[in-house]
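These protein sequences, in sequence, are chains A and B.
The first sequence: position 46 = 46 (the working numbering), numbered continuously.
Take any residue in the second sequence, note its place counting from 1, add 1000, and you have its number in the working numbering.
Ideal Cβ placement from N, Cα and C applies to all residues, glycine included.
It should be emphasised that the depicted structure is a prediction, and the values quoted were computed from it without experimental measurement.
Here's the structure, in structure tokens; my notes come after.
2 protein chains.
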Amino acid sequence: MAETTRDRILDAALRAYGTEGFAVTSLDALADQLGIRKQTILYYFPSKQAVFEAVIDAAAVDLVKAFDEEASRGLVGLDQVEAIVRRVFRLAVAQPELLGLIREVTRPGSLSADRLATQIAPVLDRARDFLQREMDAGHLRRSDPEMLLLSLYSTVVGVATELEVQRAMGLPPTLRGTVARRQELTRFLRAALEPAD
Amino acid sequence: MAETTRDRILDAALRAYGTEGFAVTSLDALADQLGIRKQTILYYFPSKQAVFEAVIDAAAVDLVKAFDEEASRGLVGLDQVEAIVRRVFRLAVAQPELLGLIREVTRPGSLSADRLATQIAPVLDRARDFLQREMDAGHLRRSDPEMLLLSLYSTVVGVATELEVQRAMGLPPTLRGTVARRQELTRFLRAALEPAD
DNA sequence: CAGACTCTCTACCAATTGGTAGAGAGGTCT
DNA sequence: AGACCTCTCTACCAATTGGTAGAGAGTCTG
């Protein structure tokens, strides 16, 4: 199965947008990187913004696929959540551009509110529904699924950011070490912050 | 003490670069926001890049000042570190643009390697020296100060990112709640990740 | 008052940007 | 062969960008 030109563009765009950023990556630069002209890109996509949105779509599809695969393995409750979180982390570690993309998406004005709703919401909805179902089935302690989702999401982004910082500082990023260190430091930080406001 | 035009420019630039990003914020946009022409900005700064670097300088000065103030209060060891970390967090919470600025700086190619060395290194050096001194004095458990510094740094960035995500999702960001939730989730994540690679 | 200095402006420029128009090459179907 | 379709190209454009040149207004200094 040969990789189509369109796929190659999406690949390169994910890498570029995730590391350099959407705004600073011109169509020309993207095309150069692929050895084609930018007009070829504009043949496959109506605009630069459309490339961005297609990249997000593809990433969302990947996430949903990973989610579903993990969810279809018959685990329940915490085991299920564990498996999914681990899988998402594996995705983030294997594809560090994904984190950059997330940051790019959350940047104000990068995506119109309705596109955000159309593209991101389904992923979040799926996750929220899953958590709700598991709670209803008694597999998870009952709490506000919205808050739990937010917690999971921000934690994933936070941990992934730490990994990226480590990478940026020239240290080999290790998920295991990060999580262990985080636990240690979090206990300390809690003590540090508790007495104050 | 009236705020000089230069200060107003730096203020607006910090806000704009931290939230929207450096690349997407044109000098025209920055000037419009201040009710002046971009040539006025270029009177105070030789180039757009220089504005960016001045913003970073100012932020670094703020950080160093906060650091020194906290360090001069006569605390030792963990109490000292606690006070400093708490202070840095207060800065990050009061000025959320600071986090965006950090992300902007760590973006590849945003700052030349030597400018990075000139501007960021002093802050890190100061922190590393401080940790080393405290270890030598027996106030902190002896470990690799480089690693401890990295841990503290990435944790601060990670927590700050979580706060920002919460803000982006329309929830009031609370440092207390984030830290508490993080501890809970970290324990869970550790369990989730421990058995795997 | 004369001159210098500080500051903000108008006018302009070269380069880059995202995007359009349309030609041409190659293959496929009738 | 001829019409059609897919794809990539050359050529071009309008808008925006960072940056320069220099005039003009205000203030301070002699």
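Check residue i in the structure and name its three-state DSSP category.
{"i": "leucine 1075 (chain B)", "result": "coil"}
{"i": "glycine 1021 (chain B)", "result": "coil"}
{"i": "leucine 1140 (chain B)", "result": "coil"}
{"i": "proline 145 (chain A)", "result": "helix"}
{"i": "threonine 1118 (chain B)", "result": "helix"}
{"i": "threonine 5 (chain A)", "result": "helix"}
{"i": "glutamine 95 (chain A)", "result": "coil"}
{"i": "arginine 190 (chain A)", "result": "With a pLDDT of only 48 at arginine 190 (chain A), under the threshold of 50, the placement of this residue in the model should not be trusted, and no figure is reported."}
{"i": "alanine 16 (chain A)", "result": "helix"}
{"i": "alanine 196 (chain A)", "result": "In this prediction, alanine 196 (chain A) scores a pLDDT of 35, lower than 50, which makes its location untrustworthy; the coordinate-derived value is nonetheless stated afterwards. In the structure shown, alanine 196 (chain A) sits in coil (DSSP, three-state: anything other than H, G, I, E or B)."}
{"i": "glutamate 104 (chain A)", "result": "helix"}
{"i": "aspartate 1011 (chain B)", "result": "helix"}
Which residue from the options puts its Cα closest to that of residue i?
{"i": "alanine 31 (chain A)", "options": "A:Ile9, A:Gly18, A:Arg15 and A:Glu20", "result": "A:Ile9"}
{"i": "phenylalanine 1067 (chain B)", "options": "B:Ala1137, B:Asp1028 and B:Pro1122", "result": "B:Pro1122"}
{"i": "valine 1105 (chain B)", "options": "B:Tyr1017, B:Glu1003, B:Arg1142 and B:Asp1011", "result": "B:Tyr1017"}
{"i": "arginine 115 (chain A)", "options": "A:Asp144, A:Arg73 and A:Val55", "result": "A:Val55"}
{"i": "isoleucine 1041 (chain B)", "options": "B:Ser1072, B:Leu1014, B:Thr1005 and B:Ala1023", "result": "B:Thr1005"}
{"i": "arginine 1087 (chain B)", "options": "B:Ala1013, B:Glu1069, B:Phe1022 and B:Thr1025", "result": "B:Glu1069"}
{"i": "valine 1076 (chain B)", "options": "B:Thr1019, B:Glu1134, B:Ala1058 and B:Asp1011", "result": "B:Glu1134"}
{"i": "proline 96 (chain A)", "options": "A:Thr19, A:Asp11 and A:Asp7", "result": "A:Thr19"}
{"i": "leucine 124 (chain A)", "options": "A:Leu98, A:Tyr153, A:Ala137 and A:Leu99", "result": "A:Tyr153"}
{"i": "glutamine 119 (chain A)", "options": "A:Leu131, A:Asp11 and A:Asp57", "result": "A:Asp57"}
{"i": "glutamate 199 (chain A)", "options": "A:Tyr43, A:Leu131 and A:Leu34", "result": "Only positions 1 to 197 of chain A appear in this structure, which leaves residue 199 (chain A) out of reach."}
{"i": "leucine 1101 (chain B)", "options": "B:Glu1003, B:Gly1021, B:Ala1012 and B:Asp1011", "result": "B:Gly1021"}
{"i": "arginine 1126 (chain B)", "options": "B:Ala1071, B:Ala1137, B:Leu1098 and B:His1139", "result": "B:Ala1071"}
{"i": "alanine 1029 (chain B)", "options": "B:Glu1082, B:Ala1012, B:Arg1103 and B:His1139", "result": "B:Ala1012"}
{"i": "aspartate 1138 (chain B)", "options": "B:Asp1007, B:Gln1080, B:Arg1073 and B:Val1024", "result": "Correcting the residue type first, residue 1138 (chain B) is glycine in the shown sequence and not aspartate. Among B:Asp1007, B:Gln1080, B:Arg1073 and B:Val1024, the Cα nearest to that of glycine 1138 (chain B) belongs to B:Gln1080."}
{"i": "leucine 1149 (chain B)", "options": "B:Ile1084, B:Gln1033, B:Ser1026 and B:Ile1036", "result": "B:Ile1084"}
{"i": "alanine 1059 (chain B)", "options": "B:Phe1045, B:Gly1035, B:Leu1014 and B:Glu1082", "result": "B:Leu1014"}
{"i": "leucine 1034 (chain B)", "options": "B:Leu1098, B:Ala1023, B:Glu1003 and B:Val1024", "result": "B:Glu1003"}
{"i": "aspartate 7 (chain A)", "options": "A:Leu140, A:Lys38 and A:Tyr44", "result": "A:Tyr44"}
{"i": "leucine 140 (chain A)", "options": "A:Arg37, A:Leu98, A:Pro46 and A:Glu82", "result": "A:Glu82"}
For the alpha helix (DSSP H) containing residue i, list its first residue and its last residue.
{"i": "phenylalanine 1130 (chain B)", "result": "1121-1136"}
{"i": "glutamine 1039 (chain B)", "result": "1038-1044"}
{"i": "aspartate 1032 (chain B)", "result": "1027-1034"}
Three or more C-beta pairs below 8 Å linking the segment 1042-1052 of chain B and the segment 45-56 of chain A: no
Three CB pairs or more closer than 8 Å across the segment 1057-1074 of chain B and the segment 1082-1091 of chain B: yes
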